[in-house]
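Engineer: First residue of the sequence shown? That's 104 in this note's numbering, and the numbers climb one at a time after it.
Every residue gets a Cβ at the ideal spot worked out from N, C-alpha and C, and that includes glycine.
I'd like to ask some things about the structure below.
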Amino acid sequence: MSQAPAADAEKPPLKVVLCSPRGFCAGVVRAIDSVERALALYGPPVYVRHEIVHNRYVVDSLKAKGAVFVEELDEIPDTGAPVIFSAHGVPRSVPDEAKKRNFFALDATCPLVTKVHREAEIHFRRGRDIVLIGHAGHPEVVGTMGQLPDGAVSLVETLADAQSFAPKDESKLAYVTQTTLSLDDTAEIVEFLKRRFPAIVGPHKEDICYATTNRQEAVKRAAPLVDAMIVVGAPNSSNSQRLREVAERAGCAHAALVQRADDIDWENFGALRSLGITAGASAPEVLVEEIIDAFAMRYKVEVETMSAADEGVFFPLPRPLRQTEAAE
Ligand code: 10D
Ligand code: SF4
């Protein structure tokens with residue numbers, strides 16, 4: 104229920120610990136900019152397969168500018184308009200189908216997801232069975248598994264899956280991971296696989312990206328210091344869900360995933376003295392500001408920052424979008 108703003112002197116004090124880094128990563132910026140740039144260069148409509156990133160606010164803003172979101176290519180009519188693949192990556196069948204239909208396809212897959220696709224391909228060419236650590240049904244997992252023929256990649260979601268996994272030949276085994284997993288859960292699974300299959304090969308540690316790592320680290324540092332934590336992000340956002348779990352495991356009594364200020368369940372944020380705030384890699388900063396403003400209506404807010412890393416990562420746009428004007 105909305106509440107009339109109280110005068111500052113009547114409000115209880117609230118220390119807000121803002122996690123840094125939070126929000127957009129380089130892959131998300133590149134993906135959103137790809138849609139914006141395609142709209143500017145070619146005009147609407149620009150078709151986008153799947154939510155470009157898992158955030159309704161972002162998707163709705165792009166829709167308002169002329170982007171048309173679909174889940175599968177068969178929802179798109181024959182067209183010369185750009186067709187953009189989301190940041191999460193796609194199985195090989197998708198660019199194949201786009202080619203058959205003569206679509207002008209643009210791939211906004213994050214380069215760090217593409218890197219995992221290439222790793223999996225190399226293992227396959229070297230005759231290795233591949234374990235993918237990740238969550239069933241997530242588009243990134245569907246995309247990574249879909250780089251290779253059926254049966255080449257086995258999905259391991261949990262430690263129990265790793266225990267029951269039965270490889271064809273344990274001397275020819277490799278692993279790759281989803282980029283947005285819990286660092287701690289994944290380390291546990293990787294250690295177990297290495298103990299069980301000493302010949303297994305994989306990346307140096309796992310394929311969890313820099314942005315996932317840094318956001319989880321900032322939350323780990325802030326969580327023990329606050330009464331509650333808000334993670335700004337969508338329920339279908341894997342990296343955002345992981346931030347909520349990390350906060351709880353790091354000792355925060357109440358951690359909530361919130362899309363907008365309207366979603367805040369004020370009953371759960373009653374007698375707060377301190378609050379941590381972070382945002383998933385797909386959540387825009389304007390939504391963090393909206394949530395701080397909502398707390399500032401009820402509390403006398405003082406903001407401090409908990410910083411875990413500096414990020415200066417930038418990925419250039421897909422090549423056809425780097426030009427300044429549309430090729431007629
Ligand atoms: O669900 P998710 O964390 O994989 O995706 P989201 O769109 O929330 O954030 C960006 C992360 C990507 C594209 C996966 F690498
Ligand atoms: Fe890329 Fe990591 Fe961002 Fe995913 S979370 S889009 S892998 S930088």
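Beta strand (DSSP E) containing Val161: first to last residue?
Structural biologist: As a working note, residue 161 is residue 58 in the sequence shown. No beta strand (DSSP E) holds Val161; the alpha helix (DSSP H) holding it covers 159 to 167.
Engineer: Excluding the five sequence neighbours on either side, which residues of its own chain have a C-beta within less than 6 Å of the C-beta of Arg133, listed in chain order?
Structural biologist: Within the sequence shown, residue 133 is the residue found at index 30, counting from 1. Same-chain partners within the cutoff: Phe418.
Engineer: Compute the Euclidean distance between the alpha carbons of Glu200 and Leu176, then round it to the nearest angstrom.
Structural biologist: As a working mapping, residue 200 is identified with position 97 in the sequence shown. As a working mapping, residue 176 is identified with position 73 in the sequence shown. Cα to Cα, Glu200 sits roughly 8 Å from Leu176.
Engineer: So does Leu420 have its beta carbon nearer than 7 Å to some heavy atom of the ligand SF4?
Structural biologist: For this step, residue 420 is matched to residue 317 along the sequence shown. For the ligand SF4, not one heavy atom lies less than 7 Å from the Cβ of Leu420.
Engineer: Glu431: buried (16+ other C-beta within 10 angstroms of its C-beta) or exposed?
Structural biologist: Numbered from its first residue, the sequence shown carries residue 431 at position 328. Its pLDDT being 48, under 50, Glu431 is placed unreliably by the model, and the measurement read from it follows with that caveat. Classification for Glu431: exposed.
Engineer: According to DSSP, is Tyr443 helix, strand or coil?
Structural biologist: Limits of the chain in this structure are 104 at one end and 431 at the other, which puts residue 443 out of reach.
Engineer: Sorted by chain position, which residues of the same chain lie with C-beta nearer than 7 Å to Ala112's C-beta, five sequence neighbours on each side aside?
Structural biologist: Here the question's residue 112 lines up with position 9 in the sequence shown. Nothing meets the Cβ criterion.
Engineer: Any heavy atom of the ligand SF4 closer than 7 Å to the CB of Val279?
Structural biologist: Reading the sequence shown from its first residue, position 176 is the one you call residue 279. Checking the 7 Å criterion, the Cβ of Val279 is out of range of every heavy atom belonging to the ligand SF4.
Engineer: Apply the 10 Å Cβ neighbour rule to Leu209 and answer buried if 16 or more other Cβ atoms are within range, or exposed otherwise.
Structural biologist: In the sequence shown, residue 209 corresponds to position 106, counting from 1. Buried: at least 16 other Cβ atoms inside 10 Å.
Engineer: For the candidate residues Pro180, Pro185, Ser189, whose alpha-carbon lies nearest to that of Asn158?
Structural biologist: Counting from one through the sequence shown, the residue named residue 158 turns up at place 55. Of Pro180, Pro185, Ser189, the residue nearest in Cα terms is Ser189.
Engineer: Of the choices Tyr278, Ala141, Val151, His191, whose alpha-carbon is the least far from that of Ser385?
Structural biologist: What you label residue 385 is simply residue 282 of the sequence shown in a count that begins at 1. Out of Tyr278, Ala141, Val151, His191, His191 has the C-alpha closest to the C-alpha of Ser385.
Engineer: For a test of the three-state rule: what should DSSP assign to Lys63, helix, strand or coil?
Structural biologist: With the chain represented from 104 up to 431, any question about residue 63 goes unanswered, as that position is not in the structure.
Engineer: Tell me which same chain residues have a C-beta within less than 7 Å of the C-beta of Glu320, skipping the five on either side of it?
Structural biologist: The count along the sequence shown starts at 1 and reaches residue 320 at position 217. Ala411, Ala412.
Engineer: In chain order, what residues place their C-beta within less than 6 Å of a heavy atom belonging to the ligand SF4?
Structural biologist: Cys128, Ala129, Gly130, Val131, Ala190, Cys213, Leu215, Val216, Thr282, Thr283, Cys312, Ala314, Thr315, Asn342, Ala384
Engineer: Tell me which residue opens and which closes the alpha helix (DSSP H) that Asp136 is part of.
Structural biologist: Translated into positions along the sequence shown, residue 136 becomes position 33. Its alpha helix (DSSP H) spans residues 129 to 145.
Engineer: Are there 16 or more other CB atoms within 10 angstroms of the CB of Ser343, so buried, or fewer, so exposed?
Structural biologist: Sequence index remark: in the sequence shown, residue 343 carries index 240 (1-based). Its Cβ being crowded by 16 or more others within 10 Å, Ser343 is buried.
Engineer: Tell me, please, which residues DSSP counts as bridged to Val186.
Structural biologist: Locating residue 186 in the sequence shown gives position 83, where the first residue counts as 1. Its beta-bridge partners are Tyr150, Ala208.
Engineer: Would you kindly check if the distance between the Cβ of Val149 and the Cβ of Pro387 is under 8 Å?
Structural biologist: If you number the sequence shown from 1, residue 387 lands on position 284. If you number the sequence shown from 1, residue 149 lands on position 46. Inclusion of Pro387 and Val149 in the CB contact set at 8 Å is not warranted, their separation being larger than that value.
Engineer: Any idea what DSSP makes of Glu320, helix, strand or coil?
Structural biologist: As a working mapping, residue 320 is identified with position 217 in the sequence shown. DSSP places Glu320 in helix when its eight states are reduced to three.
Engineer: Can you check whether the CB of Asp288 is closer than 8 Å to the CB of Ser257?
Structural biologist: In the sequence shown, the residue the question calls residue 257 occupies position 154. In the sequence shown, the residue the question calls residue 288 occupies position 185. Cβ atoms of Ser257 and Asp288: not closer than 8 Å.
Engineer: Does the distance between the C-beta of Glu243 and the nearest non-hydrogen atom of the ligand 10D fall short of 7 Å?
Structural biologist: Counted from its first residue, the sequence shown places residue 243 at position 140. Because some heavy atom of the ligand 10D lies under 7 Å away, the Cβ of Glu243 counts as near it: yes.
Engineer: Spell out a yes or no on whether the stretch 282 to 300 and the stretch 265 to 272 are touching, meaning 3 or more CB-CB pairs, one atom from each, closer than 8 Å.
Structural biologist: Using a Cβ-Cβ distance cut-off of 8 Å, the stretch 282 to 300 and the stretch 265 to 272 are in contact, since at least three pairs of beta carbons, one from each stretch, lie closer than that value.
Engineer: Whole angstroms is fine: what's the gap from Ala397's alpha carbon to Arg204's?
Structural biologist: As a first step, residue 397 must be located in the sequence shown, where it is residue number 294. As a first step, residue 204 must be located in the sequence shown, where it is residue number 101. In a straight line, the C-alpha of Ala397 is about 48 Å away from that of Arg204.
Engineer: If I measure Cβ to Cβ from Asp136 and keep anything under 7 Å in the same chain, skipping five residues before and after, which residues do I get?
Structural biologist: As a first step, residue 136 is located in the sequence shown; it is residue number 33 there, counting from the start. Counting only Cβ-Cβ distances below 7 Å, and skipping sequence neighbours, we find Leu420.
Engineer: Thinking just about the alpha-carbon of each residue, which of Val279, Pro327, Pro301, Ser341 is nearest to the one in Ile314?
Structural biologist: By one-based count along the sequence shown, residue 314 stands at place 211. The identity of residue 314 in the sequence shown is Ala, whereas the question assumes Ile. Nearest to Ala314 by C-alpha distance, out of Val279, Pro327, Pro301, Ser341, is Ser341.
Engineer: Should Cys122 and Gly379 be called a contact, given that it needs their Cβ atoms to be closer than 8 Å?
Structural biologist: Residue 122 sits at position 19 when you count from the first residue of the sequence shown. Residue 379 sits at position 276 when you count from the first residue of the sequence shown. Closer than 8 Å, so yes.
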